[in-house]
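Participant:
In this note's numbering, the protein residues as written are 26 to 233.
#1: Quick check: what's the CA-CA separation for residue 86 versus residue 213?
#2: Taking the continuous alpha helix (DSSP H) assigned at residue 129, which residues delimit it?
#3: Pick helix, strand or coil for residue 163, following the three-state DSSP scheme.
#4: With DSSP run on the structure shown, which of helix, strand or coil describes residue 100?
#5: To the nearest whole angstrom, what separates the beta carbons of residue 152 and residue 90, a pair I think is in contact under 8 Å?
#6: Please determine if the region 103 to 114 and the region 157 to 166 are in contact, where contact requires at least 3 C-beta pairs separated by less than 8 Å.
#7: Could you please give the first and the last residue of the uninterrupted alpha helix (DSSP H) stretch that includes residue 175?
#8: Taking 7 Å as the cut-off, is the CB of residue 137 close to at least one heavy atom of the ligand HEM?
#9: Would you mind giving the Cβ-Cβ distance between residue 194 and residue 180, rounded to the nearest angstrom? I have them listed as a contact below 8 Å.
#10: Look at residue 144 and residue 88 and say whether their C-beta atoms are less than 8 Å apart.
#11: If the criterion is Cβ atoms closer than 8 Å, does the pair residue 209 and residue 183 meet it?
#12: Going along the chain, which residues of its own chain have a beta-carbon closer than 7 Å to the beta-carbon of residue 150, five neighbours each way excluded?
#13: Where does the unbroken beta strand (DSSP E) through residue 140 begin, and where does it stop?
#14: Can you tell me which of 175, 202, 121, 186 puts its alpha carbon nearest to the alpha carbon of residue 215?
#15: Can you name, in chain order, every residue of its own chain whose Cβ lies under 8 Å from the Cβ of residue 127, other than the five neighbours on each side?
#16: What does a CB cutoff of less than 8 Å around residue 165 pick up in its chain, not counting 5 residues either side in sequence?
#17: With a CB to CB cut of under 6 Å and the five nearest residues on each side skipped, what residues in its chain are close to residue 77?
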């Protein structure tokens, strides 16, 4: 039933058809796959059949990377303590953009209910400010912003431990972050890296 549920999610996802859900054989190394054996189509114990379209970014947000961050320099850039915080644009820049998106997409709703999220987090080389990487992500409900921050943190740790290539992590989270969550953000990986929910400063995904 879980597999059918994920097919249903993929059916309404409005990204290009060449985007696919993926598993361990496509992206994750054996060490990560071992931790994720028996992947389930759930997030926080909720069947993904109940995940709604707003849990994935719109078609115009495919993700964008910072060309200054490469596999060769990750130890001097994204893996350096404080990098994501220093690279994140000021609220004076992101605030008005978030308000414009709210007015266009969720008129009358509270800005506090959404995060202006970097689809490819700054912490794994996402562009600090590029409209192709920014979208409004719900803070509440299933597959929410906190879940994606979990994933961003785990991917950051895996990349900086040189267990997952930078480009692999970027592709996984931008093509379908929910599928990437099911592959990488296993309970074992979250426990291993001692992730604290809401640690957006480390994850480098949210701009509030």
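Note that CB positions come from ideal geometry on N, CA and C, so glycine has one too.
Facilitator: Let me lay it out:
#1: If I take the Cα positions, the gap works out to 30 Å.
#2: For residue 129, the enclosing alpha helix (DSSP H) has its first and last residue at 116 to 130.
#3: In the structure shown, the three-state DSSP call for residue 163 is strand.
#4: Annotated three-state conformation of residue 100 is coil, per DSSP.
#5: About 6 Å; that satisfies the 8 Å criterion.
#6: Short answer: they don't touch.
#7: Segment 170 to 185, the alpha helix (DSSP H) holding residue 175.
#8: Looking at this structure, you won't find the ligand HEM or any other ligand, since it has none at all.
#9: Taking 8 Å as the upper bound for CB-CB distance, residue 194 and residue 180 are in contact here, some 4 Å apart.
#10: Using a Cβ distance threshold of 8 Å, residue 144 and residue 88 count as a contacting pair.
#11: Yes. Within cutoff.
#12: Cβ neighbours of residue 150 beyond the five flanking positions: 90, 91, 94, 103, 191, 195.
#13: Looking at the DSSP string, the run of the beta strand (DSSP E) that includes residue 140 is 139 to 143.
#14: Minimum Cα distance to residue 215 is reached at 175.
#15: Excluding sequence neighbours, residue 127 sits near 134, 136, 139, 161.
#16: Closer than 8 Å at Cβ, skipping near neighbours: 138.
#17: Same-chain partners within the cutoff: there are none.
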